[in-house]
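Converting from the sequence shown to the working numbering requires adding 254 to each position, the first position being numbered 1. Don't be surprised by glycine CBs; every beta carbon is placed ideally from N, CA and C. Computed from a predicted model, the values in this text were never measured in an experiment. I have placed the structure first, in the form of structure tokens, so that the comments after it can refer back to it.
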Amino acid sequence: MTPFLKQVAQDLLKQWGVEKLGSSMLFFPSARTRLSFVQQLHELHEGALLLPEWGDLRGVMERLTGLEVVEPLALVGEVHGFMMEKGVLKDRPEEDFDSFFPWAQTILSDFDQVDKYRVDARRLFLNIRDLKAMDSPVDYLSEEQVQILKAYFGEMFKGESPITEKYQTIWNVLYDLYIHLQERMDECKQSYEGAVIRRGVEMVLAGADLRDERILPERVAFIGFNALNACEQVLFDRVGRAGANTRYYWNYADYLLDENPEGHESRAVVEEMEEVFGRQVLEAQRGEATPEDYSLDLLEEFRRVEGAKRYFVRRPREEAGLFISQNLRDFPSALGKSSAESMHGAQRICLHATPTILSQAEALGSLLQELEGETSDWSRTVVVLPDESLLFPVLEQMPQHLAREANITMGYPMRSTPVYDLLTDATQYLQLGGAEGEIPTELHDRLWLNPIMKGWVGAQRRAEASPSTKGATKSSSPEPSMYIKGLLEELASDHTRTDALQAELNLLERIAEGWAEDTPLVWQAYVHNAYGLLSDLRTTLQRIGLEISPRLLLRLLPQVFGSSKLPIKGSTQQGIQVMGFLETRNLDFDRVIILSTNESYLPAQQQRPSFIFNSLQRLYGLPSLADREAMYAYYFHMAIARAESVHLVYVNNESLGQEGEESRYILQIKHLWGMGERLRSIDYLFNPSPSALTPKSVPKAGPIRTQLEAFLHTEKNEEGKLSFSPSAIKNLIECPMRFYYSRLARLHGRRDNATGEFDSLLFGNIIHGSLNELYTPLVSPEAKNPRVLEAKDLEGLKNGDTIRRTVREKTLELLLAEKVQREEDNQRGRTAATKQRHQLADIHLHTLQELQMQVAEGVIRNVIETDIHSLGAES
């Protein structure tokens, strides 16, 4: 079949010609779609070609309004300052900012949606207290809307908790904040994207000339859009009215629009669902019910059961064709129906079931090996990754020659990159005291094993060992750990109490300056993108006037990186194509392989966080969960519609929940095509055969037997610890070799605590040691006739500061012993006094340790209370 973008290119060349096409403006929903369109133009037209201008709604509205769109992060400080002024936040800027940061991002995201869908903000952000007191409808709300809002907020605030109280406090000032940001936009000529676009649309509706040559040229085409927001609908309409040379191109398949019985659920299934769930739930799914008619919990249950699956199976037209049907009515396609005729989906579809998430990558590797005999042009094959975290496992399992030439187009989560790990560890190093504090071996090892750090160290060593380096020889290169130490010392020297971010930025600069020529481009992209994120964050925090301490930065890094993706842009010219799911829009391939075809990814379950709940979104025309699912359904069906063969890989494992449940789209395909020659299924069973293991044992004879006997008859070992303890017996029973290595050979694994948290062993030792310190003096164990413990002996322990002091002394003793041992292992050579100062500083610095010590005190107090009760009952 002819690819959609090729059809568009043919029509534009026919209607406008090469010269007029070069002076036009074309709008595409993604950069990758535009790139593929250019390729189609070059294939259709030989010789030089003047490309058209590329349009986007944001750019058009910036030119029209004279306003600039800034990233939401740049406005977080403005939102924070407003909330402080209104008294929503307490007068503790640093403590509040890290917890308020995601709230601010959510608020700005909501404002963006409100503006793009042209919602009346005053009506939406009503004061909740006014709503709860409302007895009659106000002039701009119907009686029905008032009842919906009162029921919604009344239910929400029954038995108010601190979190709902916080929500109510913020909601009550949202409209004032919205107006404040509008005023700031007029003053600074900057705002978030939705505000600028809405301002431009208002100007257009007021009579602004879009056909001004500075804004739009004479010829304009909109190509491959689907779900239009309200502002886009106005632009599409007004541009079309302003001139006859406006063309609309919609990508769709006829089976998503045809009125055929298979496209609708059967009456029997509807009746069955109505009986089980009630008519309102079905109406809600179709968008016919009002929010108060159904429960979201009931709706979720509805989606999970087998009957509901059958309902979703029978509605591909209603779901996937939702937006495209409206678009065709409002803006008829320049291609007519010919582009969709006889397009009933892929010719061959194969379903591949795998047992685990990662085994999908192995299944893909096997599949690609099978396909090598069928094709030589891998640019016509695409691997789609709805779960973007599978990118590197997929590249690892691909045949090497394909992986080397793979073209990747997707957004890779920045929080999954090694640069995020590097920055987190470096910030943790600063929090532990930098050059004046200790570097736990676990933290040191993580830094050394980080691929970016290893690459940088390798580049430094090669540079110093190079013959071009005067006086340098290979043997003179320092050990790798010395490079890390030097880099961290520079990091610590750059760090000030008020600006840890600048130290991190300097760290990234030094790493980037020290790259070797063969450093992978993706590593360089990681560092470059991270530098931009941290620079924007530092600007925001400085605007607020916060001290950027390591503690604050450590809490903000997950939030800043968690919402950011690294854009990876590939080429369409050669090599197998690897894409994220949304990057497939308007692209057609001969062979389509989609991984993670499970309910947790198709459709994506993760919703945009919002202060505006689903029922209110429906009430005011904002995009809802149902709209999002319709959008995913459309993209899925169009990804496979023109393919010769499709391979859907999914996890079939009930123990994984939705991650192990086949997607509703697979069920739709089974219903539409039916199992047979056109649709078949394959189960991948992976049975790895482990290499033969030779059991190890140590004969209990000679010196080993002597050691064992000494261990059994010695109360404490050289370290002052109990020899024959319960944990030693447990080790001996569970694994004799572990007992040998730890108790006799004295080979201990590293048990570092870079975060300052207590592990279970240390926590247990604190409890046991403290109880021993408290109880031992009461029974006089060294006396010839030790006393029998009585309830009255323990009464004095309950009150006063005895338990607290004992727990802290035992904690200090055990933590100090651990650090001294680590220092000896690492041969750091510091004095005992220095070690003790560092340890005391750590204990006071770590709030988490303080909380855990309080828990230990509570446990000990409970033990004493229990013993008092038991001894009292015996007497």
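For a test of the three-state rule: what should DSSP assign to residue i, helix, strand or coil?
| i | result |
| --- | --- |
| Ala475 | strand |
| Ile706 | helix |
| Ser803 | coil |
| Gln444 | strand |
| Pro990 | helix |
| Ile469 | coil |
| Arg452 | helix |
| Asp198 | Outside the shown range of the chain (255 to 1129) lies residue 198, about which nothing can therefore be said. |
| Ile822 | strand |
| Gly271 | helix |
| Tyr666 | strand |
| Val952 | coil |
| Val323 | strand |
| Glu628 | coil |
| Leu489 | helix |
| Ile1020 | helix |
| Met255 | coil |
| Trp927 | helix |
| Leu589 | coil |
| Asp679 | helix |
Since residue i sits in a beta bridge, which residues does DSSP pair it with?
| i | result |
| --- | --- |
| Asn661 | Gln831 |
| Trp308 | Leu280 |
| Lys640 | Note on residue identity: the sequence assigns Pro, not Lys, to residue 640. DSSP lists no partner for Pro640. |
| Leu902 | Leu605 and Ile848 |
| Arg934 | Cys604 |
| Arg501 | Ala475 |
| Glu916 | Asn852 |
| Thr635 | Arg845 |
| Glu573 | Looking at the DSSP assignment, Glu573 forms no beta bridge with any residue, so it has no partner. |
For residue i, count neighbouring Cβ atoms within 10 angstroms of its own Cβ and tell me buried if that reaches 16, exposed if not.
| i | result |
| --- | --- |
| Met736 | exposed |
| Arg372 | buried |
| Cys485 | buried |
| His891 | buried |
| Val1042 | exposed |
| Glu273 | exposed |
| Gly309 | buried |
| Thr608 | buried |
| Ser909 | exposed |
| Pro980 | exposed |
| Asp842 | buried |
| Leu795 | buried |
| Arg473 | buried |
| Asn1116 | exposed |
| Leu639 | buried |
| Gly301 | exposed |
| Thr727 | The pLDDT assigned to Thr727 is 45, lower than 50, so where the model puts this residue is not dependable; a value taken from the coordinates is nonetheless given after this. Burial call: exposed. |
| His334 | buried |
| Leu742 | buried |
For residue i, which of the options has the nearest alpha-carbon?
| i | options | result |
| --- | --- | --- |
| Pro326 | Val814, Glu963, Gly956 and Gly911 | Val814 |
| Ala858 | Gly712, Leu482, Thr671 and Tyr889 | Tyr889 |
| Leu621 | Gln861, Lys274, Val900 and Gly914 | Val900 |
| Glu767 | Ala1045, Ala887, Asn852 and Val781 | Val781 |
| Thr610 | Asn760, Leu435 and Asn852 | Asn852 |
| Tyr995 | Gly816, Asn1019 and Ser951 | Ser951 |
| Asn480 | Phe281, Gly709, Val333 and Ala498 | Phe281 |
| Asp1047 | Asp1055, Thr1030 and Arg1062 | Thr1030 |
| Met664 | Lys708, Val776 and Gly930 | Val776 |
| Phe865 | Leu998, Asp366, Arg286 and Gln444 | Asp366 |
| Pro863 | Leu343, Asp364 and Leu795 | Asp364 |
| Asp790 | Pro804, Gln778, Ser818 and Arg805 | Ser818 |
| Glu763 | Glu744, Phe585, Asp881 and Arg452 | Glu744 |
Nearest chain C C-beta to residue i closer than 8 angstroms, yes or no?
| i | result |
| --- | --- |
| Ser613 | You won't find chain C in this structure, because it holds only one protein chain. |
Mind reading off the beta-carbon distance from residue i to residue j? Whole number of angstroms is fine, and I expect it under 8 angstroms.
| i | j | result |
| --- | --- | --- |
| Leu267 | Ser290 | Not really, about 16 angstroms apart at Cβ, beyond 8 angstroms. |
| Thr1065 | Glu1027 | Their Cβ separation, rounded to whole angstroms, is 12 angstroms, which puts Thr1065 and Glu1027 out of contact at 8 angstroms. |
| Asn581 | Leu482 | 7 angstroms |
| Arg602 | Arg932 | 6 angstroms |
| His434 | Phe336 | 6 angstroms |
| Ile1057 | Val1113 | With 8 angstroms as the limit, Ile1057 and Val1113 do not qualify as a contact, their Cβ atoms being about 10 angstroms apart. |
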